[in-house]
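Novice: Protein chains in written order, with my numbering: chain A, 56 to 694; chain B, 17 to 172; chain C, 30 to 493. Dropping a structure here in structure tokens format, bear with me for questions.
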Amino acid sequence: MSASLLILIPLLPLIGFLINGIGFRRVPKGAVGVIGSLAALGSFAVSVAVLSAFKAAGSEPQVVSLFDWITVGNLNIPFSFQIDQLSLLMLMIVTGVGSLIHIYSIGYMKHDEGFGKFFAFLNLFLFFMLLLVMGSNYVIMFIGWEGVGLCSYLLIGFWNTNTNYNNAARKAFIMNRIGDLGFLLGIFTIIATFGSVEYTEVFSQATGLSIGDPVVVTITLLLFVGAMGKSAQIPLFTWLPDAMAGPTPVSALIHAATMVTAGIYMVIRSNVLYSLAPFTLEVISIVGIATVLLAASIGLLQNDIKKVLAYSTVSQLGYMFVALGVMAYSASMFHVITHAFFKALLFLGAGSVIHAMSDEQDIRSMGGLRKKLPITFLTFLIGTIAIAGIPPFAGFFSKDEILAHAYEHNKLLWALGVLGSLMTSFYMFRLLFLTFFGQFRGTHEQEHHLHESPAAMTIPLVILAIFSAVGGFMGVPEALGGTHQLAEFMSPLYEGARQVNPEAFAATTLSHSEEFMLMGISVAAALIAAIAAYVMYVSRNSVPAPDTAERSSLERLVYNKYYVDELYNGVFVKPIAGLSNLLYSFGEFFIDLIVLGTGRLVKGVSGQLRQTQTGSVGYYIFAMVVGIVAILFWNLLIR
Amino acid sequence: MLSDFGTIFLFILAAVALVSMMLGMARLLRPNNPNEEKLSTYESGEEPLGNANVQFNVRFYVVALIFVLFDVELIFLFPWAVVFGNEDLIQQTNGQWGWFALAEMTVFVGILVLGLAYAWAKGYLDWVRPEPKTPHVDSPVPTSLYQQVNEKYKKS
Amino acid sequence: MYPIILLSVLGIVVLFLGFMKSKNILLPATLLFLALALGSNFIDWNQGPLLYFYGMFSVTNLTLAFNAIVLISAFLIVAMTRGFQDDEEAQPAEYYGIMLFSLVGAIMIIGYEHLIIFFVGIEILSVAMYILTGSDKRNLRSNEASLKYFLMGAFATGIMLFGIALLYGATGAFSLTGIRGFVSTAAGAQSYILYAGLLLLLIGMLFKVSAAPFHFWTPDVYDGAPSIFTTFMSTIVKTAGFAAIFRLLSHSFAGIYDFWYITLAVITVLTLFVGNVVAVYQDSFKRMMAYSSISHAGYLLIALTALTAQTERSILFYSMAYSVATISAFGVLMLIAKEKSLDGRPNESYDAFNGLAKQNPLLAFVLTVSMLSLAGIPLTAGFWGKFFVFSSAADRGLIWMLVVAVLMSAVGIYYYFRVVIASYMKEGNTGKIRVAPFYQIVLVAATVITILFGLAPGFFEQLL
């Protein structure tokens, strides 16, 4: 595998960015989309070639050094790429899903003024994301990390004439910077501890340390702070729902499929360090499961189609962290992959709906769209089933694997996970039913305008739907008579971790019957939630409200059935609604309070300090004299 | 033999004697005819008493600055002269020392001369810079008309 | 050494060129002279450590590199001074001459080996700056700034001179080597006169690079001075000043690191805090840049406080990154402030930048790159500057200082991005600004340097 081939992968999107960025307003509109998409497709093709070469060469990880980059003292940071199982998987997701979303954007953004700008930013994002996953050391990863943050900022605020959108963009950037602070400190600690930032070097040194070493715990916690910001975990998650202000393809690419999984990538990449720090892992799994439940419960009540998906993304990311917390790194990666498929699909489907509805995003004004948008409906249905975890679609396998590992680790964790998956299934089906079933509730004009999206948009939907349907078969659990190809493929990554913490990688102790039971429970939970959603939003909608009419006894019986519903409503839905509202306001307000409060504090202090600049020379010199006296006094008399 | 301090003492004595002699002779020779102007501290016209917050003409400072520059130059020349004339150094270097020291001082004085020339050319040494200002009015009335009017009413 | 002589002579030549009828020759002549000085600077390159002027001035590759930064910055700044000729009252020949003379001072304090040379150098530099600050004669604020700067500068000079005198009293030496010899003795390391001398001298130097609490002159002076000279002050004086402090501490006082580092660390944190936090509240871009220069002094002080083997290179790289970004930021500011002048005065508020990206994408891009670099966003030279500085602090184990610095750099994002947001996302009319080709070359060159060193900081290492 030659270096020139590798360098093409990030280079192609960069070239695309340069052409579209510099030639903005000069490149003809038709060419812009083609150039942008070709750049993405090209790097996808190269990635595939690299993958096959990698497999042919016996799956040996290698570091391809491009040039010597920075040398400070005895710290040497080369600019090099590392090709191994993990980076290849991420490459496939980033370029593959990325290409589809580029193609989709040609249709979706056709009428937008900033078409060229959009593609330029999208290509720039791909470039940074590829740097992030291909870099062979933490510094390159950090550059990619910051770069994708910048692109995310630019794309969230893409429609920059709207102040709210700009605020959302700024919120995202600032919250990410808080996370980056942790990441950066983590990198500095790594430099101070290991004297290098190269993965291979750091990890081989780390294998010499003992489990629970405080330095490693510090490093991993600091790095995890970075991951919390980028992957939207409690308490840094509120930017992600706000980030939905960006165009929908951006939400699909950056805020669902790729960028937000960077935190997970980073943890898996550092699995040796994390395996050495059980305390950090505990923290990760607690934060993860709390995020799952919080986000899922908030998702139950949202009425904006993209907000529901955003909270669902947060909650699914929580699952991935739960998996990391129980050291099921492969399961986490598996979920990253399947999630990339179905969440990109759902977002693109939502985009298609929004496109058809003339930019309406409220599901209360939709309904009955399945006849008008058949392809969108079908693909959206597949995505919903996949995320709900109903076999044999992709989400089932990955989520089930996570839950099985959680069960093995801690039964409570598992139970909460199942509760989360129950809620997931409920709100996703609620979304599906309200959008595609029943009567159309929008304005007449919107109804007239309804149309299926163009082929550029539906083809990516279909491709993603196929992957969402069959993607799970790359990791069929042994209990179902399959082989877990993904886990086998990834297993060389954990050599170091296995060496330092062999117990964590012992073979599963679960018997097949237990595994079947677990699967049964989670599938049942998903199905029950789906049925409940059906009853509430389809059946009930089909019968007109019976409050006013005088009824026969038979009708009253039917009516009584609704008493049961009301009862359920009163006992379950209302409290959950209340809780959901409470948690929502807690999350939004309390956390915004901290973030905004810090900003206010800085401004307040600034305003006070500014008063010291009076403009009077006498005062200035007095301040200087005080300073001089203080310095002399302290140094010469007190010490 | 006198010590060094003795020399200084003699010097002071001589100075006092000289000043008293000069003033005494002046007293004898000059007509005594005082008036207010003559008794003021600065006969040049500057008021010695008054508000300290008055604005001086800025050119005082310019001239003072240039003066200080040359004053300092002069002071620098004294120690230089001692080293320049040091016979030991001249003998040791076969006479080259003198040329070297002279060249150094030429550079130094040369730069100052250039500075003086610059200040001169810029007009900073002119006390009153000529600024002839003829009031000019764009009047629709031609000048000849005024002259005619003047001529007309000249006699009365 | 050669640039000192060359610049002194050529400065006089520039003064006399001012007598020619056509003022148009001044700019190209000055640029030519600066290029000559830059070329002569490298005569001593790789000649090893050399001593000139009876051991009072030293030349190493490092001081030559600092000289190069100063001279290149001066070249870029002078290239942007096209406006002088249009102004009747201005004295372009004198401005150019003074700038050349001030560079002599800067080079002297970069390579001094003897405290007298240092003092003479810093006075040449400072007096030149006092004059340039007040060069906008009809602007009251410029006059005020100049007088303030002079008064406070004179005060600081007094303190500094007192420090030098005490050092001489304690050690009997003016030369850095002599002082180091004394410090390395047992008695020297305990001498309180030495301590007092060092502290006073440091205070004087810190005043010149505007470290808190000796920074008060900075905002007023930077704000009042004509923008072109603000640029000059905030790049060249700062670079040279830090080179001088580094020289003093590393050559003479490394032996008593434990004595001075705490004081310096407290000043560093204070500087970072004041610079960044107060910058948040400013409405004028130029005033914000003044506070930003205080905060960058803070980052540079981190490297000084750490004083590791890499410190010299960290300071070198940081000064380079900072100077280039500052020059391009001020370059854009000057164009816009002139274009959108209010009541005949340049408009230097953030609002002046509204809608810049629409009509002048090049200027907006240059501005954005320089802001990113100042804020320390990766892939710009500024990021690596901060990275090197921070990593040298991490080497010393000054983690608490590092935390403050990183937090403060997060605050920095806020005010640096305000102008980017104004130029890209706010509506406004800047009009099509005509940029002279020479000016354009400077801006593009500064931007290219920022990006180039951001992509490959190792390249810079290879240059040394």
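Glycine is no exception: its CB is placed at the ideal position from the N, C-alpha and C atoms.
1. Closest to asparagine 98(A) by C-alpha separation, out of Ile148(A), Ile125(A), Pro515(A), Val82(A), would be which residue?
2. With 8 Å as the threshold, decide whether the Cβ of phenylalanine 72(A) is near any Cβ in chain C.
3. Per the DSSP calculation, asparagine 49(B) is bridged to which residue(s)?
4. Can you list, in chain order, the residues of the region 130-159 of chain B whose Cβ is nearer than 9 Å to any Cβ on chain C?
5. Chain B partners of isoleucine 41(C), CB-CB under 9 Å?
6. Would you mind telling me which residues of chain C sit closer than 9 Å to asparagine 75(A), beta carbon to beta carbon, in chain order?
7. Using only alpha-carbon positions, find the residue among Lys415(C), Leu408(C), Phe243(C), Met363(C) that is nearest to valine 681(A).
8. If you draw a straight line from the alpha carbon of threonine 340(C) to that of leucine 278(C), how long is it in whole angstroms?
9. If I follow the unbroken alpha helix (DSSP H) through phenylalanine 86(C), where does it start and stop?
10. Out of Trp200(A), Leu433(A), Tyr482(A), Val381(A), state which residue places its alpha-carbon closest to the alpha-carbon of alanine 461(A).
11. Report yes if the CB atom of phenylalanine 173(A) is closer than 8 Å to the CB atom of phenylalanine 213(A), and no otherwise.
12. Using CA atoms only, rank isn't needed, just tell me which of Lys165(A), Pro68(A), Ala223(A), Leu328(A) is closest to glycine 551(A).
13. Drop a sphere of 10 angstroms on the beta-carbon of valine 153(B), count the other beta-carbons inside from all chains shown, and report buried for 16 or more, exposed for fewer.
14. Taking tryptophan 143(B) as the reference, give the member of Phe25(B), Asn67(B), Ala80(B) with the closest Cα.
15. Output the distance between the C-alpha atoms of methionine 679(A) and alanine 261(A), rounded to the nearest integer angstrom.
16. What are the partner residues of aspartate 167(A), as DSSP defines its beta bridges?
17. Output needed for serine 453(A): all residues of its chain with C-beta closer than 6 Å, excluding positions within five of it in sequence on either side, in chain order.
18. List the endpoints of the continuous alpha helix (DSSP H) containing isoleucine 353(A).
19. Going along the chain, which residues of the region 240-252 of chain C sit with their C-beta nearer than 7 Å to a C-beta in chain A?
20. Mind the definition here: the region 152-167 of chain A touches the region 270-280 of chain A only if three or more C-beta pairs lie below 8 Å; say whether that holds.
21. Give the DSSP-derived three-state secondary structure of valine 613(A) in the structure shown.
22. Using a threshold of 8 Å, state whether the C-beta atoms of valine 408(A) and threonine 490(A) are closer than that.
23. Residues of chain A with CB under 9 Å from leucine 228(C), in chain order?
24. To which residues of the same chain is phenylalanine 148(C) closer than 8 Å at the C-beta, ignoring the five residues directly before and after it?
25. From alanine 122(C) to isoleucine 161(A), what distance separates their C-alpha atoms?
26. Tell me whether glutamine 668(A) is buried or exposed, calling it buried when 16 or more other Cβ atoms sit within 10 Å of its Cβ.
27. Beta-carbon of phenylalanine 48(C) versus every beta-carbon of chain B: anything under 8 Å?
28. Under 9 Å Cβ-Cβ, which residues of chain C neighbour phenylalanine 197(A)?
29. Beta carbon of lysine 362(A), beta carbon of proline 296(A): below 8 Å?
30. Going by the beta-carbon positions, is the gap between glycine 134(C) and leucine 154(C) smaller than 8 Å?
31. If the cut-off is 9 Å on Cβ atoms, which residues from the region 239-257 of chain A count as contacting chain C, listed in chain order?
32. On the DSSP letters alone, give me the boundaries of the alpha helix (DSSP H) that leucine 196(C) sits inside.
33. With 8 Å as the limit, tell me which residues of the region 654-669 of chain A have their beta carbon closer than that to any beta carbon of chain C; keep them in chain order.
34. Counting only Cβ-Cβ distances shorter than 8 Å, please list the residues of the region 461-481 of chain A near chain C, keeping chain order.
35. Pull up the distance between the alpha-carbon of threonine 603(A) and that of leucine 582(A), whole angstroms please.
36. Output needed for serine 370(C): all residues of its chain with C-beta closer than 8 Å, excluding positions within five of it in sequence on either side, in chain order.
Specialist: In brief:
1. The amino acid occupying residue 98(A) in the given sequence is serine; asparagine does not appear at that position. Residue Ile148(A) is the option with its Cα nearest to serine 98(A).
2. no
3. Paired residues: none, contrary to the question.
4. Leu130, Gly131, Ala133, Tyr134, Ala137, Lys138
5. Ile127, Leu130, Gly131, Tyr134
6. Those within 9 Å of asparagine 75(A) in chain C number zero; the least Cβ separation is about 14 Å.
7. Phe243(C)
8. 11 Å
9. Not the alpha helix (DSSP H): phenylalanine 86(C) falls in the beta strand (DSSP E), residues 86-88.
10. Val381(A)
11. yes
12. Leu328(A)
13. exposed
14. Ala80(B)
15. 50 Å
16. Beta-bridge pairing links aspartate 167(A) to no other residue.
17. Phe389, His390, Thr393
18. 333-354
19. Pro242, Phe243, Phe245, Trp246, Pro248, Asp249
20. no
21. Note on valine 613(A): pLDDT 37, under 50, position unreliable in the model; the coordinate value appears next. Three-state DSSP puts valine 613(A) in a helix.
22. yes
23. Ile683, Ile686, Leu687, Asn690, Leu691
24. Met189, Leu190, Ile193
25. 59 Å
26. buried
27. yes
28. Pro407
29. yes
30. yes
31. Leu239, Leu240, Phe243, Thr244, Ile246, Ala247
32. 169-200
33. Gly654, Val657, Lys658, Val660, Ser661, Gly662, Leu664, Arg665, Thr667, Gln668
34. none
35. With a pLDDT of only 46 at threonine 603(A), under 50, the local geometry of the prediction cannot be trusted, and the value read off the model is given with reservation. Going from the Cα of threonine 603(A) to the Cα of leucine 582(A) covers about 34 Å.
36. Asn376
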